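Working notes for the structure below.
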Amino acid sequence: MDNIRTGAQILWESLVREGVSTVFGYPGGAILPAYDAMLEYPIRHVLVRHEQGATHMADGYARASGEVGVAIATSGPGATNMVTGIATAMLDSSPMVCITGQVGSKLIGSDAFQETDVTGVTLPITKHNYLVSDVDEVAPTIHEAFYVAKSGRPGPVLVDITKDAQQSSTEFVWDDSPVQLPGYRPELRATEAEYQQAVELINGAKRPVIFSGHGVMLSGAMDLVREFAERANIPIAMTLLGIGSVPALHPLNLGMMGMHGEAWVNQAIQEADLLLAFGMRFDDRVTGNLKTYAPNARKIHIDIDPAEFNKNVLVDVALAGDLSAVLADLLPHVERGDRSDWLSAIGVMKGDSAVRDVQNIPDSGHLYAAHVINDIWRMTDGQAVVVTDVGQHQMWEAQYYHHQEPRSLITSGGLGTMGFALPAAIGAKLSRPDAEVWVVVGDGGFQMTMCELATIAQEKVKINVAIINNGYLGMVRQWQEFFYERRYAATPLLSPDFAKLAEAFGLKSAQVSRRQDVEPTIEMARAHEGAVVIDFRVEQEDTVYPMVPAGADLQAMIRRPSPSPIVETADD
Amino acid sequence: MRHTFVVHVEDKPGVLNRVASLFRRRAFNIESLTVGHTETSGVSRMTIVVDTDANGAKRLEANLYKLVNVLRVTDLTAEAAVVRELTLIRVSADQETRTHIMQLVDTFRAKVVDVAPDSLIIEATGTEEKIDGLMGVLEPYEVLEMVRTGRVAMSRGQQAPVEGPSDETPGEVDDNVSYSV
């Protein structure tokens, strides 16, 4: 029996066998045995400055690569600090395994130092979680956790391991065979009749629109969606998390739908006679008022999670299953279509898209966020991985950075977690070291997790950070402007000098407030070998247009005022 | 309308919490919930009554299946099923009223399971309507205490058995991995 290991060693053995090379974490009492054993294993540990950062990094790691991200923390406050990051991953179906230390099993329930019922706390925000108090269960639980995290609809899984389970020893046995869970059904299959019904609706549709969601990337169905659309000549609208699933410049790609989607996209949805929802969940930010949503359209919903069917929008046909498999089954039955009337009708809605070119707007002396994001897009050839935070800059990024590649926009869509961008970008960069990674973040969200600048410095992570600094919590300010009579309660924001701050962390930095300095500064950042933080001082009271007010009809958008200081559509 | 679900789950610590948490999280109100062992070791059976529409019931079923420890979900609402509830009722009874109450109990095919000088305990099994009816006729005699189990249900005819979590070690429930305390 020379295969005797401690639970702590087994934890790392198991992680290594699951293909883990990088973990994001923060040590503490209850996880110390695991940290001690870590030094013996080929693992890169990234020391974060706050456990929330560890979860966002693991999440960013997963979103950029499709691999399971791993975060590790101690019991009590270490684990509760992970809650926001776990909830973020849950709502956006990101595969993540969180390892937390727990007090010794004899102490559980005694309110011991740094004891929290972490499996209880995270029950509703994990796909599944485990409390392991027996050393023999460490290896099989880790194996199962990875399987649950990445199979079916992915999501975060938490494994809470008591200190005594880490310290005691047993024979290490690694069972690599597929996990058998009697009650777990990661994939389903729709019936022939349902397929038949879908095919009839598709082939008979005159004004169909495909919705390309996050599930397209999770399933790896990008090529199939494109083939489907091209074969039948069906235009594609994207959800925020679906951006990148179809190249932005593809002629059938209309752009983003929903609250800040372009007017023609929402108009096309409202006039459609068939919606084909691929791997998306009809979020309220996508539909607006459900009573008036796509009133003339039949709906086909394809999703791996049947619990999403008829949740928000009642659909005519629901096909359960892995999107790639379902599309592969459907494709041969989809007739080649012309649909040029419908496409040209959308073309009319769209107008002359050249008027949206922010480059053509004369320099008025003001610096707009759209300029900055458009310049980053232009100079990176649309090839960068952009990680955004939440707010106005996030919507501008979605509008002005034209993503050509899948997994190139990483953003917190469902939970809308401020503070996500900076740590998630660290994870993204470490999972794809060859990618050029840009952070686009507001001055508010940046300050929520800016402590991770120290992680960037310590780990020498080359990312570029573009702070869209308008001195406000911009999106909240915009809502106050529209819906609360410009009463700016708690939205003006005093910030430190971000350039000086970054210098204090040992990072290169710049401050830009003039349009002509944007390009050279982006150039400088791209050329510099270390991380660069750029403080873009942009117009303070700029607004994201168009906008569907929360719960309003999709066609009732607040349009760009004309003449707009930045951009306008032809029919504004 | 009221939906009756029979949910087979793995008999592991914390599973009841997971199921209850799902109902709370998705804003479904549980009217009654019973849980107990089944003919298969390692498998528990819940009968859950919830007030929701047909679409809500379908989504609830899909959500229940997403719980890793849930083995099978059956919505018995539209099926032919035997539905029963058990109740214990303590009713005030003196020499004058005792015989009268016992006659009522007979009519309802219920049983008197405890007799005290000033009260009786009645055990009754049946549908909720029957028990409501019994309660109605006992009320004039003053009901002192009452407990109802909530619905248990079983579909009529034959049904495939639910497989346990592990074939080779039936009866062995691992309580070292607790799926949430």
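Those protein sequence lines, which keep their order, are chains U and R. As numbered in the working numbering, residues 1 to 572 make up the first sequence, in order. As numbered in the working numbering, residues 1001 to 1181 make up the second sequence, in order. Ideal Cβ positions, reconstructed from N, Cα and C, are used throughout, including at glycine. Model, not experiment: these values are computed from the prediction.
Under three-state DSSP, which class holds residue 275 of chain U? strand
Looking only at its own chain, which residues have a Cβ that is under 6 Å from the Cβ of residue 423 of chain U, when we skip the five neighbours before and after it? 53, 56, 57, 449 and 452
With DSSP as the reference, label residue 516 of chain U as helix, strand or coil. helix
May I ask which residues mark the beginning and end of the alpha helix (DSSP H) holding residue 971 of chain R? Nothing can be reported for residue 971 of chain R: it is not among the residues displayed for chain R, which extend from 1001 to 1181.
Determine whether the Cβ of residue 1010 of chain R lies closer than 8 Å to any Cβ atom of chain U. yes
Is there a C-beta anywhere in chain R that falls below 8 Å from the one on residue 183 of chain U? yes
Could you tell me which uninterrupted alpha helix (DSSP H) segments, each at least 4 residues in length, are contained entirely in the segment 190–248 of chain U, listed from first to last along the chain? 192–204, 214–219 and 222–232
With contact counted as at least three CB pairs below 8 Å, one residue from each stretch, are the segment 157–172 of chain U and the segment 90–105 of chain U in contact? yes
Is the Cβ of residue 148 of chain U closer than 8 Å to any Cβ of chain R? yes
For residue 394 of chain U, I'd like the list of residues in its chain whose CB is within less than 7 Å of its CB, leaving aside the five on either flank, ordered along the chain. 388 and 411
Check whether the Cβ of residue 645 of chain U lies closer than 8 Å to any Cβ atom in chain R. Not covered by the structure: residue 645 of chain U. The range shown for chain U is 1 to 572.
Closer than 7 Å at the beta carbon, the chain U residues around residue 1029 of chain R: None at all; the shortest Cβ gap to chain U is about 17 Å.
Cβ of residue 128 of chain U less than 8 Å from any chain R Cβ? yes
Looking at the structure shown, is residue 397 of chain U part of a helix, part of a strand, or coil, going by DSSP? helix
DSSP state of residue 351 of chain U, grouped into three classes? coil
State yes or no: is the beta carbon of residue 568 of chain U nearer than 8 Å to at least one beta carbon in chain R? Unreliable positioning characterises residue 568 of chain U in this predicted model, as indicated by a pLDDT of 39, which lies under 50. The coordinate reading is nonetheless provided below. Not closer than 8 Å to any Cβ of chain R, the Cβ of residue 568 of chain U fails to qualify, so no.
Rounded to a whole number of angstroms, what is the C-alpha to C-alpha distance between residue 223 of chain U and residue 1148 of chain R? 58 Å
Contacting positions in the segment 292–309 of chain U - beta carbon closer than 9 Å to chain R: 305, 306, 307, 308 and 309
Name, please, each residue of chain R whose Cβ falls closer than 7 Å to the Cβ of residue 15 of chain U. Correct list: empty, because the minimum Cβ distance to chain R is about 18 Å.
Taking the beta carbon of residue 3 of chain U as the centre, do at least 16 other beta carbons fall within 10 Å, making it buried, or is it exposed? exposed
Kindly give me the distance between the Cβ atoms of residue 236 of chain U and residue 210 of chain U, rounded to whole angstroms, as I take these residues to be in contact under 8 Å. 5 Å
Mind checking if residue 355 of chain U is an interface residue toward chain R, Cβ cutoff 8 Å exclusive? Residue placement at residue 355 of chain U is poorly supported in this model, since its pLDDT is 49, which falls under 50; the coordinates still yield a value, given next. Output row for residue 355 of chain U: interface = no.
Scan the segment 1058–1071 of chain R for residues whose Cβ lies nearer than 8 Å to a Cβ of chain U and list them as they occur along the chain. 1058, 1059, 1062, 1063, 1065, 1066, 1067, 1068, 1069, 1070 and 1071
Return the residue from the list R:1059, R:1021 and R:1074 that minimises the CA-CA distance to residue 1162 of chain R. R:1074
For residue 229 of chain U, which residues from the same chain have a beta carbon less than 7 Å from its beta carbon, with the 5 sequence-adjacent residues on both sides left out? 210, 236 and 252
Sorted by chain position, which residues of the same chain lie with C-beta nearer than 6 Å to residue 145 of chain U's C-beta, five sequence neighbours on each side aside? 97, 157 and 159
Close beta carbons around residue 574 of chain U, own chain, < 7 Å, minus the five adjacent residues each side: Residue 574 of chain U lies beyond the residue range present for chain U, which begins at 1 and ends at 572; the question has no answer from this structure.
Answer with yes or no whether the minimum CB distance from residue 430 of chain U to chain R is below 8 Å. no
Determine whether the Cβ of residue 156 of chain U lies closer than 8 Å to any Cβ atom of chain R. no
Compare the C-alpha of residue 466 of chain U against each of U:429, U:442 and U:560 and name the closest. U:442
Compare the C-beta of residue 91 of chain U with all C-beta atoms of chain R and state if any pair is closer than 8 Å. no
Taking all protein chains shown into account, decide if residue 1127 of chain R is buried (16 or more other Cβ within 10 angstroms of its Cβ) or exposed. exposed
DSSP-derived helix/strand/coil call for residue 44 of chain U: strand
For residue 390 of chain U, count neighbouring C-beta atoms within 10 Å of its own C-beta (all shown protein chains included) and say buried if the count is 16 or more, exposed if not. buried
Is there a Cβ of chain R sitting closer than 8 Å to that of residue 423 of chain U, yes or no? no
Output the distance between the C-alpha atoms of residue 578 of chain U and residue 1052 of chain R, rounded to the nearest integer angstrom. This structure leaves residue 578 of chain U out entirely; chain U is present only between 1 and 572.
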